[in-house]
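Numbering follows full-length UniProt numbering, in which position 76 of the sequence shown is assigned residue number 76; successive positions increment by one, without gaps. Cβ coordinates follow ideal geometry from the N, Cα and C atoms, glycine included. As the structure is a prediction and not an experimental result, all values here were calculated from the model.
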Amino acid sequence: MLRITSFIKGYRKEAVLAPLFKLLEALFELAVPLAVASLIDDGIAKGNSRHVFSMAFIMVVLGLIGLAASITAQYFSAKAAVGFSVKMKNALFQHVASLSESDRDRIGAPTIITRLTSDSMLVQNGINMFLRLFMRSPFVVFGAAIMAFTVDSQLASTFLWVIPLLSLIIFLVMRKTIPMYRDAQKALDKLLSRVRENLRGVRVLRAFSLEGEEKKSFSGEAESLRSIQISSGRISALLNPLTYAIVNIAIAIILLEGREKYNLSLIEAGSIVAVVNYMSQMLVELIKLANLIVTISRAIASGKRIESVFRIEPSMTDSPDAALECADTDEAIVFSNASVIYREGGKPSLADASFVIRKGERIGVIGGTGSGKTTLVSLIPRFYDVSSGSVSVYGHDVKDWNRQALRKHIGYAAQKALLFSGTVRDNMKWGKLDATDEEIDEALRIAEAYDFVHEKKEGLDSLIEESGKNLSGGQKQRLSIARAVIRKPDILILDDSLSALDYATESRVRNNLSAMKDMTVITVSQRTGSLRAMDNIIVLDKGRIDSIGTHEELLRTSSVYKEINDSQFGEDDNE
């Protein structure tokens with residue numbers, strides 16, 4: 001927890017002032033029963049209306065000063081808690097952004113979202129309540145007991161058994177419910193993961209008529225969460241009635257003893273009322289303290305979950321002397337026995353890949369499902385690291401490159417075209433922040449996206465919904481390609497990013513890309529027809545390179561490639 005507690009450093013003043021003002025409020029609150037006692041004994045009982053009004057005025061003043069102190073404390077505690085939360089969220093987001101793809105895969109997107117939202121909010125609420133109550137509540141509890149003893153020690157002796165008994169009840173309830181809160185948070189994680197998975201795959205579920213099955217699975221996860229929350233709620237619900245029952249019994253005892261003493265003229269009525277008021281104050285603060293313990297416990301559990309993400313060290317780091325510029329070499333990309341194993345003990349997704357791609361070459365990558373195509377091209381911009389072997393780009397091992405500098409030389413159009421909510425212009429500037437409208441239009445023309453963008457009245461200001469929901473698959477892919485080429489990269493990777501285009505549009509896009517001289521283009525595709533004009537084609541099979549060659553050479557030498565080609569064009573195709 002040391003990492004996240006460090007975020008409070010910028011709010012030390014607020015963290016000190018908030019509890020101090022709460023203590024000030026508590027002092028004025030503890031003085032009120034004495035004023036009430038004086039009002040009854042010296043005012044009402046003696047018919048002294050002047051004293052009644054003066055005591056009433058003092059009580060109003062005490063209330064107003066206490067209110068001002070409370071509002072001030074609330075301000076400082078909220079400022080510290082919200083400021084802490086913002087700093088923690090920013091640091092967590094930056095930390096997650098610094099992690100590699102494999103690191104983030106290991107954590108999981110639903111977990112990251114939960115840590116940034118519900119867990120962060122629970123920690124914020126915990127800090128807010130802690131600053132307001134951690135000193136005030138114990139102070140009022142023991143202060144009320146002490147003040148009661150100053151009024152009448154015999155009546156106040158009831159406090160000696162009430163405080164330990166109530167403390168024991170609170171302890172037992174907390175010991176039972178705190179583990180349940182942790183289990184509830186874990187169940188919430190599983191439920192959110194299920195929701196995210198279903199929302200992403202809703203079309204597939206409908207296509208296979210699996211909505212009913214998923215509803216059952218979701219209901220099971222929701223029922224598990226509900227069961228835990230109900231169990232913890234039932235136990236927590238015992239706290240208030242038990243504490244009220246004990247305190248009311250104590251008040252009844254005080255009143256009975258007070259009546260006897262009053263009849264013997266050993267105590268005045270105002271003093272009895274004061275002791276009862278102190279008992280009531282203690283009850284309220286003990287309930288607040290119980291709620292504080294629950295909130296703090298949940299905050300600590302959430303804080304540990306957030307801390308666990310911070311403890312994950314990035315598997316990829318840049319050394320201070322990392323390469324920033326390309327070496328003088330004709331070899332754009334070199335793979336030397338590169339292998340990738342995503343999970344320890346698992347099978348290699350890519351094994352012993354070795355080849356050289358020279359500047360300006362057009363390279364195709366093809367293979368069956370799960371053959372390692374995306375894994376192979378993901379190593380070039382260093383989205384993942386090799387488990388063994390090496391990958392070099394322009395004379396430097398990718399591990400020796402500064403990652404930002406490396407990726408400035410690479411344009412990447414992903415397998416799934418991802419667009420962000422905003423305008424077309426906004427999305428294009430993800431590829432080049434300072435891109436002019438002329439540069440954007442040029443990139444759109446290369447990707448054959450200019451016409452459908454500018455046929456709309458808004459043109460570059462046309463709105464794109466989240467994930468490009470208002471665009472077709474082909475339109476999203478063309479915009480993704482335009483975003484990749486706008487910076488005129490030295491290396492362009494098209495990871496099956498032309499699959500939604502018809503052959504005519506795909507052909508025009510390829511011709512436009514061919515006109516960009518000196519740019520190395522790597523195209524992943526499932527269609528041999530899309531790769532025929534490539535300088536070389538890398539054929540992958542079960543994570544290994546089956547063969548490398550031109551279309552014609554592979555038809556003669558690679559049974560894997562020939563099988564793919566024949567499945568698409570028939571066995572008579574020998575072009």
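For residue i, the three-state DSSP class (helix, strand or coil)
i	result
Asp541	strand
Tyr412	strand
residue 577	Residue 577 is absent from the structure shown; the chain starts at 1 and stops at 575.
Val386	coil
Gly167	A small correction: the amino acid at residue 167 is Ser; Gly does not occupy that position in the sequence shown. DSSP places Ser167 in helix when its eight states are reduced to three.
Ser499	coil
Leu350	strand
Arg362	strand
Ile331	The question names Ile, yet the displayed sequence has Glu at residue 331. It is a strand residue.
Ile522	strand
Gly370	coil
Phe355	strand
Gly108	coil
Gly47	coil
Asp566	helix
Ala323	strand
Ser231	helix
Leu264	coil
residue 649	Examination of residue 649 is not possible in this model, given that the chain is present from 1 through 575 alone.
Ile548	strand
Ile296	helix
Inter-residue spacing [alpha-carbon to alpha-carbon] between residue i and residue j
i	j	result
Ser167	Leu289	10 Å
Leu24	Thr295	23 Å
Trp214	Ile113	For the sequence presented, residue 214 should be read as Glu rather than Trp. Going by the C-alpha atoms only, they are around 22 Å apart.
Leu122	Val82	11 Å
Leu165	Ser236	17 Å
Val393	Ile481	21 Å
Lys176	Glu223	20 Å
Val276	Pro314	60 Å
Ala484	Asp330	23 Å
Ile545	Leu492	21 Å
Thr72	Lys79	11 Å
Ser354	Val334	7 Å
Phe171	Arg403	52 Å
Arg3	Ala91	10 Å
Phe383	Gly220	36 Å
Asp434	Ile446	19 Å
Leu479	Val356	30 Å
Met59	Phe28	9 Å
Ser513	Ile522	Looking at the sequence provided, one finds Leu at residue 513 rather than Ser. For Leu513 and Ile522, the distance between alpha carbons rounds to 11 Å.
Ala405	Glu325	7 Å
Beta-carbon separation (whole angstroms), residue i vs residue j, contact threshold 8 Å
i	j	result
Gln477	Ala500	5 Å
Ser336	Ser390	5 Å
Gly431	Val539	The pair is not a contact, with the Cβ atoms about 30 Å apart (cut-off 8 Å).
Leu62	Ala31	6 Å
Arg196	Ala109	7 Å
Phe7	Met88	5 Å
Ala187	Leu225	4 Å
Ala332	Thr520	5 Å
Gly549	Ile537	7 Å
Ala414	Ser497	7 Å
Asp152	Ile267	6 Å
Tyr181	Ser49	At roughly 54 Å, the Cβ-Cβ gap does not stay under 8 Å, so Tyr181 and Ser49 are not in contact.
Gly411	Arg358	Gly411 to Arg358, Cβ: 18 Å. No contact.
Where residue i falls, given that 16 or more other Cβ within 10 Å makes a residue buried
i	result
Thr150	exposed
Phe420	exposed
Glu14	buried
Ser285	In the sequence on display, residue 285 carries Glu and not Ser. By the neighbour-count rule (16 or more Cβ atoms within 10 Å), Glu285 is buried.
Lys469	exposed
Gly270	buried
Asn248	exposed
Ala327	exposed
Arg343	exposed
Leu283	buried
Trp401	buried
Pro19	buried
Ala45	exposed
Gln568	exposed
Thr158	buried
Ala97	exposed
Phe53	exposed
Val140	buried
Length at least 3, wholly inside the stretch 386 to 474: the beta strand (DSSP E) runs in chain order: 388 to 393 and 410 to 413
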